[in-house]
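Contents: one structure, followed by commentary.
There are 2 protein chains.
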Amino acid sequence: MANRADPAVKAGSGHEPSRDATLRSFTGYSMKRAFHAIQADLKDVLEPFGLRMLTFSALVVIVDNPGLRQAELADALVIERPNMVLIVDQLVEAGLISRAPAEGDRRAYALRPTEEGCALYQRATAAVRAHDERMTKNLDEEKRQLLVSALGLIEAVQWEEDDNGERS
Amino acid sequence: MANRADPAVKAGSGHEPSRDATLRSFTGYSMKRAFHAIQADLKDVLEPFGLRMLTFSALVVIVDNPGLRQAELADALVIERPNMVLIVDQLVEAGLISRAPAEGDRRAYALRPTEEGCALYQRATAAVRAHDERMTKNLDEEKRQLLVSALGLIEAVQWEEDDNGERS
DNA sequence: ATATAACAGTTATGCCTTATAACGGATTTG
DNA sequence: CAAATCCGTTATAAGGCATAACTGTTATAT
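Chains A and B, in that order, give the protein sequences.
All you need for this note's numbering is the position in the first sequence, starting with 1, plus 9.
All you need for this note's numbering is the position in the second sequence, starting with 1, plus 9.
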């Protein structure tokens, strides 16, 4: 479960500072490394609740938006609809949400949290918040907000309809 | 607070602001979304070169550190050794690197870029740099540096040997 | 009204990434 | 020399992500 590695500290020959200096100049690479660390930690945090990153995310959105449909949930999480099925299945089987027929549309489902789902939501969200604060404990509040802001700006680039295409 | 274009905004009723407001309060969630955007864009950028994110990363490290071994490469990229095999195989088959026996150790390989590998490194790196600048074009240089710095601080948390029991 | 298109959820499928156990060969260590 | 360790490898498994295609249902267009 807990896997620790220490590639940074090498007590051997040489004093290679970092072999990935070029890659470090890319924002995306640093983000991959940081996200990898978060992902590993969050996995351990959610395991006691029987949740994974995606099932936790789905549960949160459902609790915050009771009655929404699977397609809306998939859109909110940027997950393809086919991949949403198993996630919702898992939450239903765990008794955390209900998949009731949507009124006025016999092909859609209305997703709602159960009482257990709401209870687990509270506990899991608190644990994840503690995890998040632990991961960002070396950032002061100003830096943390700037980080989130920067991440949002990066994500927003993909929504821009630029005709600029210089590849292929 | 900051609201950006939502992908799932469809004509009709309502003006649902964002269904993932709670998740947005977590640093890790914003990072996942931003990294997902970068990953998707980078995939298209590298495809013309016959490279994936991992093969590109490996090629860069090999060019920057000619002669290193697979285990060192795996450590540099935080990849398990078994998963390194196929990546190196692919680079060898593409004629971008050579897997020569390491001198002084008959079980290890010394990885070196071929001339083609160096040439592709130049072109691919330039393309990835353009990609990176495009993804961060909405950040001024100060913000970008702060972003990278913050990502490094987050990644560094996992190397700290905390005896602090957060839960369970 | 009826044919057609669009939509909701599902199934099946495949690729990529990541992680672990275990093996043979080589090297180091006691 | 024997045991432990290391290098690269194979096999295997789980998870995330993407696409095509199918069923029923709803909306639309003539």
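We put the CB at the ideal spot given by N, CA and C, even for glycine.
For Ile106/B, the uninterrupted beta strand (DSSP E) run begins and ends at Ile106 to Pro110, by DSSP.
For Arg28/B, the closest C-alpha among the options Val87/A, His45/A, Thr31/A and Ala49/A is that of Val87/A. Annotation for Pro122/A: the continuous beta strand (DSSP E) segment containing it runs Tyr118 to Pro122. Interface with chain A (7 Å Cβ-Cβ cutoff): Ile71/B is excluded. At a Cβ-Cβ threshold of 7 Å, Leu155/A and Asn147/B do not count as neighbours. Shown in chain order are the members of the segment 129 to 161 of chain A whose Cβ falls below 8 Å from a Cβ of chain B: Thr134, Ala136, Val137, Arg138, Ala139, His140, Asp141, Arg143, Met144, Thr145, Lys146, Asn147, Leu148, Lys152, Arg153, Leu155, Leu156, Val157, Ser158, Ala159, Leu160 and Gly161.
In the DSSP assignment, the residues bridged to Leu77/A are Leu120/A. Using a Cβ-Cβ distance cut-off of 8 Å, the segment 45 to 61 of chain A and the segment 44 to 58 of chain B are not in contact, since fewer than three pairs of beta carbons, one from each stretch, lie closer than that value.
For the C-beta of Ser107/A, not a single chain B residue is nearer than 8 Å; the gap to the nearest is close to 18 Å.
Counting along the chain, Val54/B sits inside the alpha helix (DSSP H) bounded by residues Thr36 to Leu55. Relative to Gln79/B, the option among Leu32/B, Ala136/B and Asp114/B whose CA is nearest is Asp114/B. With a contact defined as Cβ atoms closer than 8 Å, Ser39/B and Val157/A qualify at about 5 Å. Two segments are said to touch when three or more pairs of C-beta atoms, one from each, lie closer than 8 Å; by this definition the segment 89 to 103 of chain A touches the segment 61 to 71 of chain A. The beta-carbon distance between Ala111/B and Ala117/B, rounded to whole angstroms, is 4 Å. This is short enough to meet the 8 Å contact definition. Glu112/A has a beta carbon lying at 7 Å or more from every beta carbon in chain B. The C-alpha of Arg90/B is placed about 24 Å away from the C-alpha of Cys127/B. DSSP places Ala103/B outside both helix and strand once states are collapsed to three, so it counts as coil.
The residue among Thr31/B, Ala133/B, Arg143/B and Leu82/B with its C-alpha nearest the C-alpha of Arg61/B is Ala133/B.
Chain B has a Cβ within less than 7 Å of the Cβ of Leu32/A. Scanning chain A for C-beta atoms nearer than 7 Å to the C-beta of Gln99/B yields nothing, as the closest lies near 18 Å away.
Put simply, the CB of Gly126/A is far from chain B, with every gap to its CB atoms at 7 Å or more. Using a Cβ-Cβ cut-off of 7 Å, Asn74/A is close to Arg28 of chain B, given in chain order. Exclusion of the five residues before and after Gly104/B leaves Thr123, Glu125 and Gly126 as the residues of its chain whose Cβ lies within less than 8 Å of its Cβ.
Here Gly59/B carries a coil assignment [DSSP, helix/strand/coil]. The Cβ-Cβ distance between Leu77/A and Leu120/A falls below 7 Å. From the beta-carbon of Ala46/B, the residues of chain A found nearer than 8 Å are Ile163, Glu164, Val166 and Gln167.
Note on Ala30/B: under 16 other CB atoms within 10 angstroms of its CB, so exposed under the neighbour-count rule.
When the beta-carbon positions are compared, Ala85/A and Met93/A stay at least 7 Å from each other. Following the DSSP letters along the chain, one finds Thr31/A inside the alpha helix (DSSP H) bounded by residues Ala30 to Arg33. Shown here, Arg115/A sits in coil according to DSSP, grouped into three states, outside any helix or strand. Across the structure, Gln131/B and Ile106/B are spaced so that their CA atoms are roughly 14 Å apart.
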